[in-house]
Amino acid sequence: MSKEIQVRKEELTQLIDRHSSQDGVKDTAIPSLFVIRTSNVTEPIFRVYTPSLCFIAQGTKELLLAQERFEYGPANYLITSMNLPVVGKIIKASPDLPYLSFKLDFTQSQILKVLNDSEFKIASKENAKRAMFVGQIDLSLLDAILRLVRLLDEPNDIPFLAPIYTDEILYRLLQGPYGVALAQIALEGSSTYRVNEAIEQIINNCDKPLRIEELAETASMSISSFHRHFKEVTAMSPIQFQKQLRLQEARRLLLSESADAAEVAFRVGYESASQFSREYSRMFGAPPRADIKQLKERMLIG
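Laid out in C-alpha cells, this is it:
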C-alpha cells in the first residue's frame with residue numbers, strides 16, 4: 001500500500017469515526033451517503049443490497065450471494081449494481097478498532113448520465129456479468145471518495161458539490177476493471193439491463209406465483225436464455241431469488257408485528273405453512289418462533 005493511499009485512508013477513517021458516534025447505519029446530510037459503525041463481529045445479517053458502492057475504512061466484512069463468497073476490507077471496494085438478497089457478517093471489529101464504512105447509493109440514471117457526459121464507448125452487446133464484485137481501491141478513486149465524505153464537515157457545500165463528486169466517483173468506477181459490468185446496468189438493450197427489469201418485476205410481485213414465461217418475456221429472452229443470464233447476474237435461479245426475498249420479508253414481519261407464522265407465510269406468498277417453516281428453518285437455522293425469540297434476545301443484550 002502506497003504512503004499516499006495510507007494517508008487518505010487514515011483521514012477517511014477519522015471522518016467516518018467522527019460522523020458515526022454510535023453503532024448502526026446512520027444517514028448523513030448527503031441523501032445517498034450512509035456511514036456505518038459496528039464495535040463487534042456480528043452474526044449473519046440477511047438483507048437486500050441496493051445499487052451502491054461500499055467502502056470499508058476499518059475492519060473486514062464477508063458477504064454471501066447464494067453460494068458465492070466475497071470478503072473485503074480497507075484495500076477493496078464492493079459494488080452492487082442491482083437489488084440482490086445477500087447474507088453479510090462483520091468478521092473483524094472490536095470496541096477499540098470498530099468496523100467503519102460508508103455506503104453510497106446510486107441509480108441507473110446516474111450511471112447513464114456519467115456515460116453520456118463522459119462519452120464512454122461501451123458496447124451494449126456484452127454478455128451479462130455478475131451484479132456484485134470486489135475491486136482494488138486505487139488513489140484516484142480514493143481521492144474522489146474523500147472529497148465527497150469531507151463535505152460532511154462543509155454542509156453548505158453539499159447541494160452544489162455532492163452531485164459533482166458523486167459523478168466523479170462513478171466515473172472512476174466506470175474507468176476501472178469492472179467498468180464494463182457496471183455500465184451494462186444502464187444500457188437499455190443489454191442482457192444485464194433486461195435481467196434487471198425482470199428482477200424488479202419479481203421484487204414488486206414477490207408474494208405472487210413466479211411465472212417464468214412472463215419474466216422471460218419482460219427480458220425479451222427465451223426461457224433457457226433467461227435462466228442462463230439470470231443466474232450469471234445473481235448467482236441463483238429466479239425461484240431461489242424469490243424465495244430469499246420472501247423469507248427475508250417474512251422475518252421482518254415476524255420481528256416487527258405480532259402476527260403468527262402461518263399468517264405471515266400467506267402474506268409473503270406461501271400456500272403451505274409447513275413448507276414455509278421448512279424453508280425458513282433451512283435459511284435462518286431455526287423455525288420461525290424460535291428464530292424470532294433468539295433475535296429479540298440478541299437485540300435486548302445489544
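Numbering (UniProt numbering), first residue to last: 1 to 302. Each residue gets a CB set at the ideal place from its N, CA and C atoms; glycine is no exception. What you are looking at is a predicted structure, and each value in this text was computed from that prediction instead of being measured.
- Less than 8 Å separates the beta-carbon of residue 183 from that of residue 122.
- Between residue 275 and the set 254, 253 and 243, the nearest pair of CA atoms involves 243.
- Nearest to residue 94 by C-alpha distance, out of 28, 150 and 23, is 23.
- The Cβ atoms of residue 185 and residue 108 lie closer than 8 Å to each other.
- In the DSSP annotation of this structure, residue 178 is not part of any beta strand (DSSP E), being labelled neither H nor E.
- Here residue 90 is not near residue 135, since their CB atoms are 8 Å or more apart.
- Counting along the chain, residue 61 sits inside the beta strand (DSSP E) bounded by residues 60 to 65.
- In this structure, the CA atom of residue 265 is about 22 Å from the CA atom of residue 200.
- Fully enclosed beta strand (DSSP E) runs of no fewer than 3 residues occupy 132 to 136 of the segment 100 to 155, in order along the chain.
- Excluding its 5 nearest sequence neighbours in each direction, residue 181 has C-beta neighbours in its own chain below 6 Å: 129, listed in chain order.
- In terms of Cβ geometry, residue 28 and residue 131 do not form a close pair [threshold 8 Å].
- Inclusion of residue 72 and residue 53 in the CB contact set at 8 Å is not warranted, their separation being larger than that value.
- The three-state reading of DSSP puts residue 199 in helix, counting H, G and I together.
- By DSSP's assignment, residue 85 forms a beta bridge with 48.
- The way I'd put it, the segment 216 to 232 doesn't touch the segment 53 to 64; fewer than three beta-carbon pairs between them come closer than 8 Å.
- Close CB contacts of residue 259 within its chain, under the 8 Å cut and outside five residues either way in sequence, are with 253 and 267 (chain order).
- The beta carbon of residue 272 lies closer than 8 Å to those of 265 in the same chain, with the five residues before and after it left out.
- According to the DSSP assignment, residue 28 belongs to no beta strand (DSSP E), since it is labelled neither H nor E.
- Taking all protein chains shown into account, residue 25 has fewer than 16 neighbouring C-beta atoms within 10 Å of its C-beta and is therefore exposed.
- In the DSSP assignment, the residues bridged to residue 80 are 52 and 132.
- Here residue 162 is buried: its Cβ has 16 or more other Cβ atoms, across all protein chains shown, within 10 Å.
- Taking each of 211, 225, 159 and 165 in turn and checking the Cα distance to residue 191, the smallest one comes out for 225.
- For the 8 Å CB-CB criterion, residue 87 and residue 44 form a contact.
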